[in-house]
Amino acid sequence: MNRFYILPIAAIVGIVFVIRTVIAGSVPPPVAAPVVEPAQPPYPIFVAGSGIIESISENISIASPLPGVIKSVYVKAGDHVATDQPLFSLDDRDVIAEIQVRQAQVEKAQAALEDAKTQLGIYKNVSDTRAITKGELLKRESNLAVASAGVTEAQALLGAAKTTLDRMTVRAPIDGDVLQSRARVGEFAPAQVLTSPLMVVGNVTPLAVRVDIDENDAWRVQPGTRATAILRGNSAVSFPLTFVKFEPYVIPKRSLTGESFERVDTRVLQVVFSFDKGALPIYVGQLVDVFIETSAALK
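Every number in the numbering used here is 924 more than the matching position in the sequence shown, counting from 1.
If you want it as structure tokens, here you go:
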């Protein structure tokens, strides 16, 4: 072929290729089906909000009242506990030693008190009042008062040490279930608020749903109205809710979804509902979509 025709032909082929590529790239890709079907509202007029499952008593974060190394852990996550049942205890050897010292001090103070009583009794039983002076009698009475105060102080110190020993065993504040346990034997338990509590306890009979309602829709939610929760990730799991209470203090929304239309200054009213778990595959901490029925007058 003549060289004169090679370059024009190559140019035409290149142009055709570019045109086909542009046309193919301009075709919109097919819309992928959602991984999970979105929740469908069961009411014609409603207010929607995101909710989180929690215990009806609210989730109670268990901390240690005193710093120390954990000696024993008596329960695990999922266990049912009764009020005042031991959850875990700290190393108490130093407190036991202090109790022994305080007990000895009580016995010493009691001996001193008995001696003071005996001395005062001797002086009071002297038949000849001229044998002792009034000052000596007052001194013996003062010694008795001091000895009595010493016994009271020693017993108070012993009681304080026993109280400290009792506080080294952390107990369940309510009847409920251990929802989470991070207490480990040998770990140090600080006496402060922790980001991850040592244990979480709550009453899960029934369960509760805490729902965030945008402040712009809060006026549309009325006590006692019907509400339905739908489980995130499985819209086939839905269950009715029973109104419990409003928490009448509007707070900044803390759990953002990342949607472009959501404002960081959104404020919400929290509404608490309850429900019976039954055989539902639901756990404390799960998220749900909540739809609250409202009337046309509040639309």
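Just so it is clear, CB atoms sit at the ideal spot from N, CA and C, and this is done for glycine as well.
Taking just the CA atoms, how far does residue 993 sit from residue 1015? So the two alpha carbons sit approximately 6 angstroms from each other.
Can you tell me which of 1031, 1023 and 1068 puts its alpha carbon nearest to the alpha carbon of residue 1045? The shortest C-alpha separation from residue 1045 is found at 1068.
So for residue 1178, helix, strand or coil by DSSP? Correct three-state label for residue 1178: coil.
Decide yes or no for the touch test of the segment 1210-1219 against the segment 1131-1147: beta carbon pairs closer than 8 angstroms, at least 3 of them. Touching, yes, given that three or more Cβ pairs across the two stretches are closer than 8 angstroms.
Beta strand (DSSP E) containing residue 1126: first to last residue? That run of the beta strand (DSSP E) goes 1123-1126.
Please state if the CB of residue 1165 and the CB of residue 1197 are separated by a distance shorter than 7 angstroms. Judged by beta-carbon spacing, residue 1165 lies within the 7 angstroms limit of residue 1197, meaning their Cβ atoms are closer than that value.
Is the segment 1078-1092 touching the segment 1019-1037 in the sense that three or more CB pairs, one from each, lie closer than 8 angstroms? The segment 1019-1037 vs the segment 1078-1092: in contact.
Cut-off 6 angstroms between Cβ atoms - residues of its own chain near residue 1071, not counting five sequence neighbours on either side: Within the same chain, residue 1071 has close Cβ partners 1036, 1037 and 1040.
Tell me, to the nearest whole angstrom, how far the beta carbon of residue 1168 is from that of residue 1153; I am working on the premise that it is less than 8 angstroms. That belief does not hold up - the Cβ atoms of residue 1168 and residue 1153 are roughly 13 angstroms apart, past 8 angstroms.
With DSSP run on the structure shown, which of helix, strand or coil describes residue 1063? Helix.
How far does the beta strand (DSSP E) with residue 914 in it reach, from first residue to last? Residue 914 cannot be examined here, being either before or after the span of the chain that is shown, 925 to 1223.
CB contact check: residue 1209 to chain C, cutoff 7 angstroms: Protein chains in the displayed structure number just one, and chain C is not present.
Between the segment 992-1012 and the segment 1201-1217, can you find at least three pairs of beta-carbon atoms closer than 8 angstroms? The segment 1201-1217 makes no contact with the segment 992-1012; the number of CB pairs closer than 8 angstroms stays below 3.
Please report the straight-line C-alpha distance between residue 1171 and residue 1096, rounded to a whole angstrom. Taking the straight line joining both Cα atoms gives about 26 angstroms.
Taking DSSP's pairing of strands, which residues face residue 1093 in a bridge? DSSP, once it has assigned bridges, lists 1013 as partnering residue 1093.
Residue from 1203, 1100 and 1034 whose Cα sits closest to the Cα of residue 1077: Residue 1034 is the option with its Cα nearest to residue 1077.
With DSSP as the reference, label residue 972 as helix, strand or coil. Residue 972 carries a strand assignment under DSSP once its states are collapsed to helix, strand and coil.
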